[in-house]
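Listed in order, the protein sequences are those of chains X and D.
The opening residue of the first sequence carries number 516 in our numbering; numbering runs sequentially from there.
The opening residue of the second sequence carries number 516 in our numbering; numbering runs sequentially from there.
Even for Gly, the Cβ is constructed at its ideal location relative to N, Cα and C.
Bear in mind the structure is a predicted one, so any value in this text is a computation, not a measurement.
Number of protein chains: 2
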Amino acid sequence: MKNLLVAQSGGPTVAINSTLMGIYEFARKKVNKIYGARFGIKGLLDENIYDLSKIIDKSNLSLLPQTPACALGSCRQKLKDPNESSEQYENLIKIFRKYSINYFIYIGGNDSMDTVTKISNYLKISGIDDIIVVGAPKTIDNDLFETDHCPGFGSAAKYIATSICELERDCSVYSLPAVTLVEIMGRDAGWLTAASALSRLNGASGPSLIYCCEKVFDIQSFFNDIDEKFKQKNNNILIALSEGIHDKNGKYISEIGSKNYLDEFGHKQNAGAAKILDGFVKKEFGCKVRSIEINTLQRCAAHIASLTDIKESIKLGEKAAECALNNMCGEMSTIIRKSNNPYQVEYKSAPSNLVANKVKRLPDGMISESGNDVTIEAIEYLKPLIQGELKIQYKNGIPVHANLFQT
Amino acid sequence: MKNLLVAQSGGPTVAINSTLMGIYEFARKKVNKIYGARFGIKGLLDENIYDLSKIIDKSNLSLLPQTPACALGSCRQKLKDPNESSEQYENLIKIFRKYSINYFIYIGGNDSMDTVTKISNYLKISGIDDIIVVGAPKTIDNDLFETDHCPGFGSAAKYIATSICELERDCSVYSLPAVTLVEIMGRDAGWLTAASALSRLNGASGPSLIYCCEKVFDIQSFFNDIDEKFKQKNNNILIALSEGIHDKNGKYISEIGSKNYLDEFGHKQNAGAAKILDGFVKKEFGCKVRSIEINTLQRCAAHIASLTDIKESIKLGEKAAECALNNMCGEMSTIIRKSNNPYQVEYKSAPSNLVANKVKRLPDGMISESGNDVTIEAIEYLKPLIQGELKIQYKNGIPVHANLFQT
Chain X
516 MKNLLVAQSG
526 GPTVAINSTL
536 MGIYEFARKK
546 VNKIYGARFG
556 IKGLLDENIY
566 DLSKIIDKSN
576 LSLLPQTPAC
586 ALGSCRQKLK
596 DPNESSEQYE
606 NLIKIFRKYS
616 INYFIYIGGN
626 DSMDTVTKIS
636 NYLKISGIDD
646 IIVVGAPKTI
656 DNDLFETDHC
666 PGFGSAAKYI
676 ATSICELERD
686 CSVYSLPAVT
696 LVEIMGRDAG
706 WLTAASALSR
716 LNGASGPSLI
726 YCCEKVFDIQ
736 SFFNDIDEKF
746 KQKNNNILIA
756 LSEGIHDKNG
766 KYISEIGSKN
776 YLDEFGHKQN
786 AGAAKILDGF
796 VKKEFGCKVR
806 SIEINTLQRC
816 AAHIASLTDI
826 KESIKLGEKA
836 AECALNNMCG
846 EMSTIIRKSN
856 NPYQVEYKSA
866 PSNLVANKVK
876 RLPDGMISES
886 GNDVTIEAIE
896 YLKPLIQGEL
906 KIQYKNGIPV
916 HANLFQT
Chain D
516 MKNLLVAQSG
526 GPTVAINSTL
536 MGIYEFARKK
546 VNKIYGARFG
556 IKGLLDENIY
566 DLSKIIDKSN
576 LSLLPQTPAC
586 ALGSCRQKLK
596 DPNESSEQYE
606 NLIKIFRKYS
616 INYFIYIGGN
626 DSMDTVTKIS
636 NYLKISGIDD
646 IIVVGAPKTI
656 DNDLFETDHC
666 PGFGSAAKYI
676 ATSICELERD
686 CSVYSLPAVT
696 LVEIMGRDAG
706 WLTAASALSR
716 LNGASGPSLI
726 YCCEKVFDIQ
736 SFFNDIDEKF
746 KQKNNNILIA
756 LSEGIHDKNG
766 KYISEIGSKN
776 YLDEFGHKQN
786 AGAAKILDGF
796 VKKEFGCKVR
806 SIEINTLQRC
816 AAHIASLTDI
826 KESIKLGEKA
836 AECALNNMCG
846 EMSTIIRKSN
856 NPYQVEYKSA
866 PSNLVANKVK
876 RLPDGMISES
886 GNDVTIEAIE
896 YLKPLIQGEL
906 KIQYKNGIPV
916 HANLFQT
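Here's what the structure looks like:
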């Protein structure tokens, strides 16, 4: 019987351990051993390899869906071009042979799909057909092609929509005019920023203005937009914006404004787009301004995971394992949306080279013509992804997490 | 029959609407009308007054405990010294008479208890004994005297402990040495920062180092502490610190480091303690450093409210209403802890002048001798306050909030 190895890569999400669970559950009666490599492809090359049956048991398996980040650890390492240097690939094959690994599943984003593609190409060129490499998607950025949406995104979107609801409440307690700038992750794609609009689903105002990084950000239009909102007697203006908003020359707002931000040693500091605009808005309107960076929690707040996201992430793990066992080398498991109402999806796969190194941005139809909000089309796309709540197991007042390795 | 008026004041918390609910539920069959003033004492003076029976119904009443911030709005306004100017007080009495208000309950922190004390003194001096003013406590800072702890604090502590657990997961995915600095609210008192230690309750490492603002912060000792942790082969060092950490001269770290932080217009910007130390640590250790400001969400994340906090906040509202109806002018409702194991409290009251304008800091016994962690005594004090989860009502994937006023 054959062995399977799984590893996780790239930035953490709330759902990547659900995909691990899906792979493990699907494969464990169909293969001999399931190995896990710690710290992604880097750990695999270092032979940082564990027999998962020895570290996964009933209790920590059931906790994986409520455990954020990467239970197996991660890395950010690109493999070299096999045409330039094949050493890494030769080492990988040696390790696969040593552990009798015939299936390798790599969970990750567009960089990780580059790894899947390169290994798969190397295997093909080398005429090796008994080692199968397959990808499973993940990224809070929701920017992978070939899949309707990405594991981890729905939970991040739910966290952002909920947080914006709560921040709106917080902002609106005083009667004085005020602007609150909320910076949301997304350097190249504005999906998470768009998700801030989901805060309106139960009747709240939500952000007065939403700026996604797909559109050019013009500071004068921005002032006009705020002015317009104040004229509408909206005293508390909450603004959601992508970290990656940039001017017409493609220069990030965070860079433009940062020229005077020097740290103790005179180094230029990147202050973040919201922090930079904070100063501009204060100067222009003379009102109270607050800038909030929705921090790393947006990618790891498992306590408010989207049940839809978690269930789909498990399914995508199962699908990836199924692809591997069906010898579909170089594929990545995908979600195809069949309908919105009722929300229905099916699980397919696509060649990883169509995903690798590419960024799927918010389409024009999802951003309002004014460029300062999203459309109903965006809401309809986003809404199903945040539905449902995972029943979180708490102990001592805090959520319980799975520990695969003793720390 | 007599009328009662309630208002909310100061910074928002998760639990202040629970206290409003407690007051409303306790008093509604015992008084004629219950009024609410919007935007605190400022709104009261502007006669921004509403008959709550006309805006509170069964459905929004039951949603109050899961609605963050101040459903009635808030303000930050201190009344003038009655010896210098009695105009505000005369206006207040006029308004109370106009609406036949005999009971006024003000929910707030140490500034709001200044208001309660001043009005109560004025009533006494003026020989008015048929108007009773009473305070109900609230503050995420947990810095009020006379009460064992403060409504809103337990929920903020639960959010922080959970967030630190999740951030620790996020930080530990890579194998490279890294320092993560987490800044937590608290300019004068380190209670919330201490609560970061509750992240250890289920076996997680929690913060490697904790710096509360009660102790002098010395940058060289800070470097030594980090160095020590790296030597213990701890690769991922997560550090919790109060926004108010300061040097031996009382100067805030955020001020010390900010001298070079100039915005676009050359104004000095306050970059926050964690952001400032970020640069220092990078320079000293040359490793990856990340600074995270746990933002406003720590005071409004109702979706992860502590059930203990919510229940107690309701009880403190009931107790305040009871004090008012018993003509205990100038009192504030309080919690007295009877025992930790089992956790038992009782509800009492104390004169508001013992609370007004004072700050209760973390006692020495709760901070470790090294000054870079908290003691078991702190954990034992804090742990009961975050227990239990409120069953949150969700709709469309986000929590439902109570709307008392159409926006």
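**Item:** Distance, S533/D Cα to K826/D Cα
**Value:** Here residue 826/D refers to the residue found at position 311 of the second sequence. Here residue 533/D refers to the residue found at position 18 of the second sequence. Computed Cα separation, rounded: 8 Å.
**Item:** Rounded C-alpha distance that separates G832/X from Y550/X
**Value:** By one-based count along the first sequence, residue 832/X stands at place 317. By one-based count along the first sequence, residue 550/X stands at place 35. The alpha-carbon atoms of G832/X and Y550/X are separated by roughly 15 Å.
**Prompt:** Out of Y909/X, D742/X, S641/X, E758/X, which has the shortest C-alpha to C-alpha gap to A479/X?
**Reply:** With chain X running from 516 to 922 in the structure shown, residue 479/X is simply not present.
**Item:** Residues that K863/D bridges to, as DSSP identifies them
**Value:** Residue mapping note: residue 863/D aligns to position 348 of the second sequence, counting from 1. When beta bridges are read from the DSSP output, K863/D appears opposite T849/D.
**Message:** I'd like the list of long-range same chain contacts for K548/D, defined as Cβ closer than 7 Å, with 5 residues on each side in sequence excluded.
**Reply:** Stepping through the second sequence from its first residue, residue 548/D is reached at position 33. Correct list, in chain order: N518, D566, S568.
**Item:** the region 691-708 of chain D touching the region 655-665 of chain D, judged by at least three CB pairs closer than 8 Å
**Value:** Contact between the region 691-708 of chain D and the region 655-665 of chain D is present, because at least three Cβ pairs lie under 8 Å.
**Item:** Chain-order list of residues whose beta-carbon lies under 6 Å from that of R715/D (same chain, five-residue window excluded)
**Value:** Locating residue 715/D in the second sequence gives position 200, counting from the first residue. Answer for R715/D: G721, listed in chain order.
**Asked** In this structure, what does DSSP give as the bridge partners for H761/D?
**Response** What you label residue 761/D is simply residue 246 of the second sequence in a count that begins at 1. Paired residues: V731/D, Y767/D.
**Message:** Need the endpoints of the alpha helix (DSSP H) that T630/X sits in, please.
**Reply:** Taking the first residue of the first sequence as position 1, residue 630/X is located at position 115. That run of the alpha helix (DSSP H) goes 625-640.
**Prompt:** Is D778/X helix, strand or coil by DSSP?
**Reply:** The residue you call residue 778/X lines up with position 263 of the first sequence. Unreliable placement is indicated for D778/X, whose pLDDT of 48 sits below 50; no coordinate value is reported for it.
**Prompt:** DSSP state of A552/X, grouped into three classes?
**Reply:** The sequence position of residue 552/X within the first sequence is 37, counting from 1. Looking at A552/X - three-state DSSP - the assignment turns out to be strand.
**Message:** Counting only C-beta atoms, is E743/D closer than 8 Å to chain X at any point?
**Reply:** Numbered from its first residue, the second sequence carries residue 743/D at position 228. For E743/D, the answer is no, since every Cβ of chain X falls outside 8 Å of its Cβ.
**Request:** Count the other CB atoms, across all protein chains shown, that sit within 10 Å of the CB of L535/X; report buried if there are 16 or more and exposed otherwise.
**Result:** Against the first sequence, residue 535/X aligns to sequence position 20. So L535/X ends up on the buried side.
**Item:** Exposure label - P914/D; buried when at least 16 CB within 10 Å
**Value:** Here residue 914/D refers to the residue found at position 399 of the second sequence. Buried is the call here.
**Cβ neighbour criterion (16 or more within 10 Å) applied to V521/D** = Against the second sequence, residue 521/D aligns to sequence position 6. Classified as buried, V521/D has 16 or more neighbouring CB atoms from the shown chains inside 10 Å of its CB.
**Asked** Among residues of its own chain, excluding the 5 on either side of F554/D, which ones have a beta-carbon nearer than 7 Å to its beta-carbon?
**Response** Here residue 554/D corresponds to residue number 39 of the second sequence, with the count starting at 1. Around F554/D: N563, G588, S589, C590.
**Message:** According to DSSP, is R543/X part of a helix, a strand, or is it coil?
**Reply:** Indexing the first sequence from 1 puts residue 543/X at position 28. In this structure, R543/X counts as coil in the three-state DSSP scheme.
**Request:** With a floor of 3 residues, list each beta strand (DSSP E) that falls wholly inside the region 687-729 of chain X, ordered by position along the chain.
**Result:** Note on the region 687-729 of chain X: whole beta strand (DSSP E) runs with a minimum of 3 residues are 693-699, 724-726, in chain order.
**Message:** Taking its Cβ as the centre, do 16 or more other Cβ atoms sit within 10 Å of G642/D, making it buried, or is it exposed?
**Reply:** Indexing the second sequence from 1 puts residue 642/D at position 127. Exposed, since its Cβ has fewer than 16 Cβ neighbours within 10 Å.
**Prompt:** Does any residue of chain X bring its CB to less than 8 Å from the CB of G912/D?
**Reply:** By one-based count along the second sequence, residue 912/D stands at place 397. Between G912/D and chain X, the shortest Cβ-Cβ separation is below 8 Å.
**Request:** Round the Cβ separation of D793/D and L696/D to the nearest angstrom and send it over; I've been treating them as touching at under 8 Å.
**Result:** Translated into the one-based positions of the second sequence, residue 793/D becomes position 278. Translated into the one-based positions of the second sequence, residue 696/D becomes position 181. Confirmed, Cβ separation roughly 6 Å.
**Request:** Return helix, strand or coil for G903/X, following the three-state DSSP convention.
**Result:** Here residue 903/X refers to the residue found at position 388 when the first sequence is read from its first residue. Here G903/X sits in coil by DSSP.
**Request:** Kindly identify the DSSP beta-bridge partner or partners of K910/D.
**Result:** For this step, residue 910/D is matched to residue 395 along the second sequence. Partner(s): I913/D.
**Item:** Within 7 Å of chain X by C-beta, residues of the region 589-609 of chain D in sequence order
**Value:** So the close ones are S589, C590.
**Request:** Using alpha carbons as the reference points, say which of L713/D, T890/D, S600/D lies closest to Y674/D.
**Result:** Here residue 674/D refers to the residue found at position 159 when the second sequence is read from its first residue. When only C-alpha atoms are compared, the closest one is L713/D.
**Asked** Can you give, in chain order, each stretch of the alpha helix (DSSP H) that sits fully within the region 558-619 of chain D and has at least 4 residues?
**Response** Contiguous alpha helix (DSSP H) elements confined to the region 558-619 of chain D occur at 567-570, 573-578, 602-613, taking only those with 4 or more residues.
**Prompt:** By a C-beta neighbour count over all protein chains shown, 10 Å radius and 16 as the cutoff for buried, is M516/D buried or exposed?
**Reply:** Position 1 of the second sequence, counted from the first residue, corresponds to residue 516/D. By the 10 Å Cβ count, M516/D comes out exposed.
**Prompt:** If you draw a straight line from the alpha carbon of P580/D to that of K906/D, how long is it in whole angstroms?
**Reply:** Your numbering for residue 580/D matches position 65 in the second sequence. Your numbering for residue 906/D matches position 391 in the second sequence. In this structure, the alpha-carbon of P580/D lies about 10 Å from that of K906/D.
**Asked** What residues of chain X sit near V688/D, judged by a beta carbon separation below 7 Å?
**Response** Position 173 of the second sequence, counted from the first residue, corresponds to residue 688/D. V688/D reaches chain X at P527, A584, C585, G588, S589, counting residues in chain order whose Cβ is nearer than 7 Å.
**Residue closest to P878/D, alpha-carbon to alpha-carbon, out of Q813/D, S828/D, V889/D, A865/D** = Reading the second sequence from its first residue, position 363 is the one you call residue 878/D. It is V889/D whose Cα lies nearest to the Cα of P878/D.
**Segment limits, beta strand (DSSP E) that includes A522/D** = As a working mapping, residue 522/D is identified with position 7 in the second sequence. Per DSSP, A522/D belongs to the beta strand (DSSP E) from 518-523.
**Message:** Does chain X have any CB closer than 8 Å to the CB of I564/D?
**Reply:** As a working mapping, residue 564/D is identified with position 49 in the second sequence. For I564/D, no CB of chain X lies under 8 Å from its own CB, so it is not counted at the interface with that chain.
**Request:** Please say whether I851/X and K863/X have beta carbons closer to each other than 8 Å?
**Result:** Position 348 of the first sequence, counted from the first residue, corresponds to residue 863/X. Position 336 of the first sequence, counted from the first residue, corresponds to residue 851/X. It is a contact, given that the beta carbons lie within the stated cut-off.
**the region 888-907 of chain D: positions lying closer than 9 Å to chain X by Cβ** = Correct list: K898, P899, L900, I901, Q902, G903, E904, I907.
**Item:** Proximity test, Cβ basis, 8 Å: N750/X and chain D
**Value:** Taking the first sequence and counting its residues from 1, one reaches residue 750/X at position 235. No, because no Cβ of chain D sits closer than 8 Å to the Cβ of N750/X.
**Prompt:** Any beta-carbon of chain X closer than 8 Å to the one on E681/D?
**Reply:** Position 166 of the second sequence, counted from the start, is the residue given in the question as residue 681/D. Yes, E681/D counts as interfacial toward chain X.
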